[in-house]
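Reminder that position 415 of the sequence shown reads as 415 in the UniProt record's numbering, one-by-one numbering, no gaps.
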Amino acid sequence: MGLRDNLMAWEQLMALVVCVPLWYLASAGSVIFLKEVLVVDENAVSGVVDATTAQLICGVVGGKLYEMLTDETSGSSETAAESEALVLASAFDVAGTAATNWVIIVGGASLSQVFKLMEPPITVVVSFLLLGELTSRPRLVFMAITCAGVYLSSSSAAAASEVTWRRHAVWLAGLVVMGTSFPLRNVYSKRMAVKGAPAYTAICVRGLALVLPVLVGRVAVMPTVSTHITTNLTLFVGMAVLSAVYNLLSFRVLSYVTPVTHAQLRLGKRIISLVVSIFALNDFTLSPKRILGLFAAFGGLVGYMFSPKAETPLKLPHHGVGEDDDDGKRVSFLAKDLLARGITYVTIAFLILGTNLTDPYYAVPYTTRRPTPMPADHRTPVRRLPFYNATTRHRTDGLFHDGTGRSTTALRMPRVAPNTDTLRF
């Protein structure tokens, strides 16, 4: 290795040493601000659209400022061709951002960080399918340990939830989109002509064009802005700015490493965000089972990072519209463009419609706001709850609701003594 190669490796190492801690701190601050301004209320759906739009706008502005203040050698966002990789990366970025904001509103910031521990195994699969990047067997073993830890730390929250996951496709869809969108975005960004912060800027520009029709529809249908955003406007702006900062730093790091290594670094960011949100927001109850799951997940992460790797050289082709006038290429690009728009609009519409059809106070596991207890007298008129039969006072699955946010087979409706008129059970 020559002197120039050594200098470049040293420059990349110093950039990682500087960027990674700032990346982690900006992420933790953004999570705290997100939870403060995005809460369950009557305008929760509009808050998801507003937060996603603000994050994309700050990403564009921050990316342009970053390009003006630094001398990027990987190109400028203005030179990013309208390629299939850019189209799909922007769509997955918008879908993942919207799903993350929705999960933070209805499930809590800490719980959203736990589920994002699933990103590395997804990144391994996607990298192998799209980039041909291989992962060694020891790393796969430690990744399985991480997945088991994620299951242990999250399944207890589902068991104590108001409604089980099996009956809420919206909640499951939000988790799936949140866990798969960012690995796909990162892998497709490696196929773009530009790298680093300019790549994220180009993704935000394209994503903002996808979100603007949704924002117009949101203003027309739901013109009211969430009161938690208007009263905490400074925190809302700070959230969007910090989101842009940590994404720009994230893409700077991604330009130096492979997507799988970047996913491991994202896990470190998630761990710090999880710990900060546990103590700063107090929205995640620590139980022995969850603590065991978190330790298993963290142990799997550490073992993964110290295990041998088996990575193949990446093939990073990129095709712009102007590079080839072949009709087949243009048809392929148009098909990918339609696919990207479909991913964006279907994801946001599914979350919006699902939130309108189910009450977030009861429909989503482990919300920080608990439902209003039911009256002790079962004959007193009560508020109709989702999946609640007002005639039999039972859930549709045969479970009786005891008013504490739990469903149990041990509590059944008490029998009422018969009188001379009717028999009531």
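Here a beta-carbon is modelled for each residue, glycine too, at the ideal position from N, C-alpha and C.
query	result
Option in G299, T231, V49, R191 with minimal Cα separation from T344	V49
CA nearest to the CA of G29, picked from F306, S250, Y246	Y246
Simplified DSSP state of G217, which is helix, strand or coil	helix
DSSP state of E133 mapped onto helix, strand, coil	coil
Closer than 8 angstroms to chain D by CB, C147	Of the chains in the structure shown, none is chain D; there is only one protein chain.
Proximity below 8 angstroms, CB of G96 to CB of T201	no
A91 vs L210 beta-carbon contact at 8 angstroms	yes
Boundaries of the alpha helix (DSSP H) in which N232 is found, first to last residue	Unbroken run through N232: none, as it is neither H nor E.
R290 to L22 span [Cα, whole Å]	28 angstroms
Simplified DSSP assignment, three categories, for P223	coil
Secondary structure of S287, DSSP reduced to three states	coil
L34, buried or exposed, once every other Cβ within 10 Å from all chains shown has been counted against 16	buried
Inter-stretch contact at 8 angstroms, needing at least 3 Cβ pairs: the region 208 to 222 / the region 293 to 304	no
V18 burial status per 10 Å Cβ neighbour count (16 or more: buried)	exposed
Three-state secondary structure (DSSP) of R252	helix
Classification of L129 by the beta-carbon crowding that lies within 10 angstroms, buried from 16 upward	exposed
Sequence-distant residues of the same chain with beta carbon closer than 8 angstroms to L351, five excluded per side	V45, V48, A98, A99, W102, V170, A173, G174
When V241, L69, L131 are compared against T258, the one with the closest alpha-carbon	L131
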